[in-house]
Amino acid sequence: MKLGVERWRARVRYLRSHVLGRSDAPPGRNLADSLSTVLFPSDCRVCREPLLRASRVPVCDACRGLLVPQTISMCALCGEALGFESIRLEDAPLCRVCRFSPPPFAQAVAFGEYTGALREMVGLFKFERVAVLSRLLGEKLAEEVRQMPGLSRNAIVVPVPLFRNRLTERGFNQSLLLAEQVVRVLNRRYNFRLRIADALHRVKSTENQYLLTPRQRRQNLRGAFAVRDKAAIAEKDVLLIDDIYTTGATARECARILRQEGAASVCVATLARTQRDVAVPWTGLVRPMQSIAGTGSLQQNQGLI
Numbered sequence: 001m002k003l004g005v006e007r008w009r010a011r012v013r014y015l016r017s018h019v020l021g022r023s024d025a026p027p028g029r030n031l032a033d034s035l036s037t038v039l040f041p042s043d044c045r046v047c048r049e050p051l052l053r054a055s056r057v058p059v060c061d062a063c064r065g066l067l068v069p070q071t072i073s074m075c076a077l078c079g080e081a082l083g084f085e086s087i088r089l090e091d092a093p094l095c096r097v098c099r100f101s102p103p104p105f106a107q108a109v110a111f112g113e114y115t116g117a118l119r120e121m122v123g124l125f126k127f128e129r130v131a132v133l134s135r136l137l138g139e140k141l142a143e144e145v146r147q148m149p150g151l152s153r154n155a156i157v158v159p160v161p162l163f164r165n166r167l168t169e170r171g172f173n174q175s176l177l178l179a180e181q182v183v184r185v186l187n188r189r190y191n192f193r194l195r196i197a198d199a200l201h202r203v204k205s206t207e208n209q210y211l212l213t214p215r216q217r218r219q220n221l222r223g224a225f226a227v228r229d230k231a232a233i234a235e236k237d238v239l240l241i242d243d244i245y246t247t248g249a250t251a252r253e254c255a256r257i258l259r260q261e262g263a264a265s266v267c268v269a270t271l272a273r274t275q276r277d278v279a280v281p282w283t284g285l286v287r288p289m290q291s292i293a294g295t296g297s298l299q300q301n302q303g304l305i
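Letter 248 of the sequence shown, counting from 1, is numbered 248 in full-length UniProt numbering, and no numbers are missing.
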């Protein structure tokens with residue numbers, strides 16, 4: 001009997017990850033998912049503790065509570081964490097890279113640092129194809145986008161595209177799912193008038209960025225993107241959406257192409273951002289360290305785009 005229950009739970013997890021997370025899932029599937037959660041509760045996919053309530057998103061409340069926005073001092077242009085060496089230019093804190101080589105985008109923001117619970121959920125979403133996580137993660141990103149100064153409420157939203165073989169392999173574009181949720185939340189709750197445009201496409205396959213140096217990343221992405229619909233972005237403010245910001249090579253190359261093809265401006269929003277370790281001023285507060293169980297297996301497979 002125990003083996004049968006475990007098999008059923010595995011099947012339920014598969015359906016949630018591969019079918020129920022899709023925007024085109026039949027309405028009847030929602031009821032089936034809720035019933036199966038009540039009758040055969042699953043475990044949280046992050047901490048592995050039992051889920052105490054029915055939810056289509058397989059993450060417990062405790063792990064959701066660990067998704068917190070960045071509160072460190074960051075570069076006003078790219079969002080890089082700043083230490084004591086930060087340089088102020090016209091009252092804006094800038095990192096060393098942006099001071100000497102300004103990016104082609106106006107601003108880049110990220111909801112959280114790519115570590116802990118957020119890293120685990122990005123791994124589940126992106127590499128284990130738990131597409132339904134786009135709802136929870138997209139809402140977090142939407143709140144970050146809402147606070148971007150100067151972002152047009154009528155911006156054209158462009159997700160970073162995948163090359164066709166990667167899209168076929170994964171089954172969805174994680175950046176598109178995040179973009180759809182961002183648009184849904186901001187348009188419905190905050191009276192934005194954002195619109196998604198399939199304006200950018202990937203014209204060549206590239207090496208995985210994970211093991212490349214910053215210079216190699218830039219060379220790897222050179223010529224990888226092209227604008228397929230110039231009319232959609234011509235003289236428009238564009239919001240570029242991606243899942244992870246590491247060195248900024250992808251964001252810079254996409255923004256460069258969009259500006260070159262007529263976009264009035266480009267802002268960048270990503271769910272997570274890798275940050276270097278920096279010295280921060282002493283605040284007198286001691287924050288307890290938090291750990292997430294079971295992160296090792298995912299982190300071995302995670303490559304960053």
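For every residue, glycine included, the Cβ atom is placed at its ideal position computed from N, Cα and C.
Q | Residue span of the beta strand (DSSP E) that contains Thr-270, given as start and end | A | Run containing Thr-270: 265 to 273, per the beta strand (DSSP E) assignment.
Q. Rounded C-beta distance between Met-148 and Val-203? I'm assuming under 8 Å.
A. With a Cβ gap of about 29 Å, Met-148 and Val-203 do not count as contacting.
Q | Where Gln-260 falls, given that 16 or more other Cβ within 10 Å makes a residue buried | A | Classification of Gln-260: exposed, given that the 10 Å Cβ count is below 16.
Q) Between Arg-45 and Leu-124, is the Cβ-Cβ spacing less than 7 Å? A) Taking a C-beta distance under 7 Å as the contact criterion, Arg-45 and Leu-124 qualify as a contact pair.
**Q.** Of the residues Asn-187, Thr-168, Gln-107 and Leu-186, the one placed nearest Tyr-245, counting alpha carbons only
**A.** Closest by alpha carbon: Gln-107.
(Q) Alpha carbons only, please: which of Ala-269, Ala-264, Ile-72 and Gly-248 is nearest the one belonging to Pro-102? (A) Checked all of Ala-269, Ala-264, Ile-72 and Gly-248; the closest Cα to Pro-102 is Gly-248.
(Q) With a threshold of 8 Å, are at least 3 pairs of Cβ atoms found where one atom belongs to the stretch 116 to 133 and the other to the stretch 70 to 83? (A) Counting Cβ pairs under 8 Å, fewer than three are found: no touch.
(Q) Rounding to the nearest angstrom, what Cα-Cα distance links Leu-133 and Pro-214 in this structure? (A) So the alpha carbons of these two residues sit roughly 29 Å apart.
Q) Thinking C-alpha only, which one of Thr-274, Leu-239 and Asp-243 is nearest Arg-193? A) With distances taken between Cα atoms, Arg-193 lies closest to Leu-239.
Q) Near Val-183, which residues of its chain fall below 7 Å by C-beta distance, leaving aside the five closest residues on each side in sequence? A) Val-157, Leu-194 and Ile-196.
Q | C-alpha distance - Asp-43 paired with Gly-262, whole-angstrom precision | A | Going by C-alpha positions, Asp-43 is about 48 Å away from Gly-262.
Q: May I ask you to list the residues that DSSP assigns as paired with Pro-50?
A: For Pro-50, which the question treats as bridged, DSSP gives the partners Asp-43.
Q: With a threshold of 16 other CB atoms inside 10 Å of the CB of Glu-80, please say whether the residue is buried or exposed.
A: So Glu-80 counts as buried.
Q | Between the CA atoms of Cys-254 and Arg-53 - distance to the nearest angstrom | A | Whole-angstrom Cα-Cα distance: 41 Å.
Q) Looking at C-alpha atoms only, which residue of Thr-250, Ser-265 and Asp-229 is the closest neighbour of Lys-236? A) Answer by Cα proximity: Ser-265.
Q: Just list the alpha helix (DSSP H) runs in the stretch 72 to 126, keeping only unbroken ones of 4 residues or longer that don't cross its boundaries, in chain order.
A: Runs of the alpha helix (DSSP H) inside the stretch 72 to 126: 96 to 100 and 116 to 126.
Q: Please state if the CB of Ala-269 and the CB of Ile-241 are separated by a distance shorter than 7 Å.
A: Contact flag set, yes.
**Q.** Own chain residues within Cβ distance below 7 Å of residue 384, not counting five before or after
**A.** Outside the shown range of the chain (1 to 305) lies residue 384, about which nothing can therefore be said.
**Q.** Distance, Leu-212 Cα to Phe-100 Cα
**A.** Approximately 22 Å between the Cα atoms of the pair.
Q | Distance, Pro-69 Cα to Trp-282 Cα | A | Here Trp-282 scores only 40 on pLDDT, less than 50, and its place in the model should not be relied on; the value that follows carries that caveat. Whole-angstrom Cα-Cα distance: 20 Å.
Q: Go ahead and pull the three-state DSSP assignment for Arg-170.
A: Under the three-state reduction of DSSP, Arg-170 is assigned to helix.
Q) Would Pro-161 be called buried (16 or more neighbouring beta carbons within 10 Å of its own) or exposed? A) Flag for Pro-161 reads buried.
**Q.** Pro-50 burial status per 10 Å Cβ neighbour count (16 or more: buried)
**A.** When all chains shown are included, Pro-50 counts as exposed.
(Q) Suppose you measure from the CA of Thr-168 to the CA of Ile-257; what does that come to, to the nearest Å? (A) Their backbone Cα atoms lie some 25 Å apart in a straight line.
(Q) Please classify Asp-243 as buried or exposed, where buried requires at least 16 other C-beta atoms within 10 Å of its C-beta. (A) Buried, since its Cβ has 16 or more Cβ neighbours within 10 Å.
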